[in-house]
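Down below is the structure, laid out as structure tokens.
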């Protein structure tokens, strides 16, 4: 059956269920949002159905541009950090004994059971002046007095990476564990140092997995909404925060829908570009 | 096989369609929305059981998120002919926004005889005079501080601008719920009249921008600030007088001060969604809530300011001053956040805060 195209009514029918669910829970809500983004905004009120481009024209502000660029930047940076730490980390895990691998993976998975809210508040406590880690350093004599390490950009980046890291490892684990150990061994037999082997052979042969992990973390962190409010300063608020403010606090559904659609469009283009670059490089190396 | 799948699909489709049918049809309880957390808990404990005992009307309390978020849900539900709650406690900004789309069922005051006790400002009206809401509770936003960090209480909103408060304030993040424009106007520009023009609003925002280095947290949710205030991490800011009072009563090192320019007085009103079919029960409930002794009970147990005239409540001077103040309050300029200027003000505000 694998690899064959479904034949006959029965095979097609099994596909209707996922298609129906996709339609009900994804395509219909998305279509509604797309429609609302063209509706007419009643100042101070709600909206009236219609068709106009005003909401998209209203996006043309320095505030929106700045926030859009920042959101993409912070997501890209988090993805880069997660992948550059996660890749060697996962590689070492896959070289361990089976039991140790399971322990590490279960530990990482347990982080996934924490919600963004809990992670945000936990980090704001750990980075605080009154109850945070700096008190521990003072006690150890490493610092003179306790300081607050939040709110700020580093705190935000830290929080986001903490949330996204387990996903990075989970995406990288299957391809890395499938990597033929004969490849790095051969390279080392031919005289390459372990570090050189890692960068040329392991990284080189898994370029696609790295790009996939990068894109996954990038898209995942684009939606960060609570962490920027808890761990960041107002200039670190992401587009998700502005979208929620417009939708909920200003009841400006048309503007928030337009922001969301434009944001998604830009992200999709960026993801497509990244994938294309990944593919082209692969063709070159082959 | 095919038949089975088809049957399954039919069942699923039927289930989805059925979910859309209002569940309230079979339900005879009056659904009352109150702000989730401390407010709803207090109502569940002190108010609703007595009401049911006296009238026989069952109450199902619904936890509201912030008023703005609840308005969006009510509005969307009403478009589909649904009412997530019949009677809702709504803040004034949200009352006015709902009025713009005729969301609230107009009241017949004859059905609410106890309205005679209310303060005149506790009756909300549509522009054409129909009654859209009845005052439920009043509350103040005041200047709060951590008593361990600041040994003496601040006396003026202007204290927030002082250089020694660097990186130590928690303020509400939105222009329409922080009322910081009004606070700044009253403190530095002699009153709220300066907010009548765009130029004036921008002047006030410039003054507010000077405050930014002192702000550590711009919060959207009270929970974000309360813990930090109690621990002294963020030792000062604006907060709700009633909740701060409760925290102090629990032994936390927190005080709430009415600054000499006045606290910000805001209030919640009872509003009935036009999609509700329980207007008769709602009248009985609202009338009950307007009784002076119930308002006094709310002041004593929940710490809110009464929406009825003070002399009928029977509150002692001490009780009254713990929920209110003789200093004339700052009254929010709701028109700015609900009128034609609202989108412009929100845009400028976000630019100012995030720059």
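Residue numbers (this note's numbering), protein chains in the order written: chain R, 560 to 845; chain V, 26 to 380. The C-beta atom is built at its ideal place from N, Cα and C for all residues, glycine as well. As the structure is a prediction and not an experimental result, all values here were calculated from the model.
CB contact flag (residue i, residue j, <8 Å)
i, j, result
"residue 268 of chain V", "residue 357 of chain V", "no"
"residue 234 of chain V", "residue 212 of chain V", "no"
"residue 740 of chain R", "residue 671 of chain R", "no"
"residue 54 of chain V", "residue 85 of chain V", "yes"
"residue 241 of chain V", "residue 734 of chain R", "no"
"residue 686 of chain R", "residue 714 of chain R", "yes"
"residue 149 of chain V", "residue 120 of chain V", "yes"
"residue 723 of chain R", "residue 637 of chain R", "yes"
Beta carbon proximity, residue i to chain R, threshold 8 Å
i, result
"residue 254 of chain V", "no"
"residue 189 of chain V", "no"
"residue 11 of chain V", "Outside the shown range of chain V, which is 26 to 380, sits residue 11 of chain V, and nothing can be said about it."
"residue 223 of chain V", "no"
"residue 97 of chain V", "yes"
"residue 279 of chain V", "no"
"residue 94 of chain V", "yes"
"residue 232 of chain V", "no"
"residue 380 of chain V", "yes"
"residue 122 of chain V", "yes"
"residue 363 of chain V", "yes"
Cβ of residue i within 8 Å of any chain V Cβ
i, result
"residue 608 of chain R", "no"
"residue 574 of chain R", "no"
"residue 708 of chain R", "no"
"residue 829 of chain R", "no"
"residue 747 of chain R", "no"
"residue 660 of chain R", "no"
"residue 624 of chain R", "no"
"residue 688 of chain R", "yes"
"residue 603 of chain R", "yes"
"residue 804 of chain R", "yes"
Top-ranked residue by Cα proximity to residue i, from the options
i, options, result
"residue 255 of chain V", "V/235, V/276, V/240", "V/276"
"residue 707 of chain R", "V/172, V/203, V/193, V/137", "V/193"
"residue 227 of chain V", "V/376, V/65, V/54", "V/376"
"residue 837 of chain R", "R/609, R/764, R/578", "R/764"
"residue 352 of chain V", "V/338, V/309, V/284", "V/284"
"residue 619 of chain R", "R/751, R/699, R/818, R/824", "R/818"
"residue 322 of chain V", "V/55, V/70, V/154, V/62", "V/70"
"residue 345 of chain V", "V/163, V/191, V/57, V/128", "V/163"
"residue 624 of chain R", "R/794, R/780, R/777, R/647", "R/794"
"residue 118 of chain V", "V/292, V/215, V/244", "V/292"
"residue 373 of chain V", "V/266, V/223, V/311", "V/223"
"residue 298 of chain V", "V/78, V/111, V/68", "V/111"
"residue 371 of chain V", "V/335, V/337, V/202", "V/202"
"residue 830 of chain R", "R/602, R/627, R/635, R/750", "R/635"
"residue 363 of chain V", "V/78, V/77, V/67, V/116", "V/116"
As assigned by DSSP and simplified to three states, the class of residue i
i, result
"residue 97 of chain V", "helix"
"residue 128 of chain V", "coil"
"residue 290 of chain V", "strand"
"residue 140 of chain V", "helix"
"residue 617 of chain R", "coil"
"residue 223 of chain V", "helix"
"residue 115 of chain V", "strand"
"residue 296 of chain V", "strand"
"residue 882 of chain R", "What the structure shows of chain R is the stretch from 560 to 845, and residue 882 of chain R is not part of that stretch, so it cannot be assessed."
"residue 573 of chain R", "helix"
"residue 231 of chain V", "helix"
"residue 746 of chain R", "helix"
"residue 163 of chain V", "strand"
"residue 606 of chain R", "strand"
"residue 325 of chain V", "helix"
"residue 333 of chain V", "strand"
"residue 673 of chain R", "coil"
"residue 355 of chain V", "strand"
"residue 834 of chain R", "helix"
"residue 658 of chain R", "helix"
"residue 251 of chain V", "helix"
Strand pairing of residue i, partner residues [DSSP]
i, result
"residue 263 of chain V", "V/168"
"residue 89 of chain V", "V/60"
"residue 281 of chain V", "V/169"
"residue 273 of chain V", "Residue 273 of chain V is not bridged to any residue."
"residue 149 of chain V", "V/158"
"residue 195 of chain V", "V/242, V/262"
"residue 755 of chain R", "The partner list for residue 755 of chain R (beta bridge, DSSP) is empty, contrary to what the question assumes."
"residue 84 of chain V", "V/55"
"residue 600 of chain R", "R/606"
Neighbour list for residue i in chain C, Cβ cutoff strictly below 7 Å
i, result
"residue 243 of chain V", "Reference to chain C is not applicable here, since the protein chains of this structure are R and V."
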